[in-house]
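**Q** In this note's numbering, the protein residues as written are 2 to 135. Using N, Cα and C, we set each Cβ at its ideal position, and we do this for glycine too. It should be emphasised that the depicted structure is a prediction, and the values quoted were computed from it without experimental measurement.
Structure follows, in C-alpha cells:
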C-alpha cells in the first residue's frame, strides 16, 4: 500500500510539445500542513517534501518503457537552497535506464531564487516487466 503524501497541494505535470513531459511544478501554499512546526516564526518547506515533489513528478512522467515501475530507492538528495511559503518549485526530470534494468530519474528542483534541491531516484519494474522488456 503506498504511503500517504505529506503534501496538501498537487504536483502539476507540465505539458510538453511533441513528446512526453519531463517537467512538473508545485506551489507551496501558506496552508501546507507541514509548515507550522518547521520552523515556528520562520517557515521553511521541509526537504522531505521536496523529495516527495520529485517522486510525484517522476511517477507522472515515467517513460513508456518503465510503465508499471515503482520507487525502489532514493539514491541521493542534495538540498541547495531554502523553499518558503508562496514559492513555486519547478521540477525538471531526466530519465535513463540502468545497467541492472531499472530506471533512474534525476530531478532538479528550483525556485525563483535558484536551485533548491537535486534528487536521484531509482524505479524498478516488476520481475515480469523486466522479462518482457528484455
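1) For residue 133, which residues from the same chain have a beta carbon less than 8 angstroms from its beta carbon, with the 5 sequence-adjacent residues on both sides left out?
2) So, for residue 114: in the same chain, excluding its five sequence neighbours on each side, which residues have a beta-carbon less than 7 angstroms away from its beta-carbon?
3) Could I get the ranges of all uninterrupted beta strand (DSSP E) runs contained in the stretch 71–107, with 3 residues as the minimum, in chain order?
4) Under the three-state reduction of DSSP, which class applies to residue 51: helix, strand or coil?
5) Looking at residue 62: is its Cβ nearer than 8 angstroms to the Cβ of residue 14?
6) Below 8 angstroms on the Cβ atoms is my guess for residue 92 versus residue 55; work out the distance and round it to an integer in Å.
7) Please tell me whether residue 72 and residue 110 are closer than 8 angstroms, where the distance is taken between their beta carbons.
8) When the Cβ atoms of the stretch 85–99 are set against those of the stretch 20–27, are three or more pairs found closer than 8 angstroms?
**A** According to the data block:
1) Here the model assigns residue 133 a pLDDT of 49, short of 50, so the residue's position is not dependable and the matter cannot be decided.
2) 82
3) 71–80 and 89–98
4) helix
5) yes
6) 6 angstroms
7) no
8) yes
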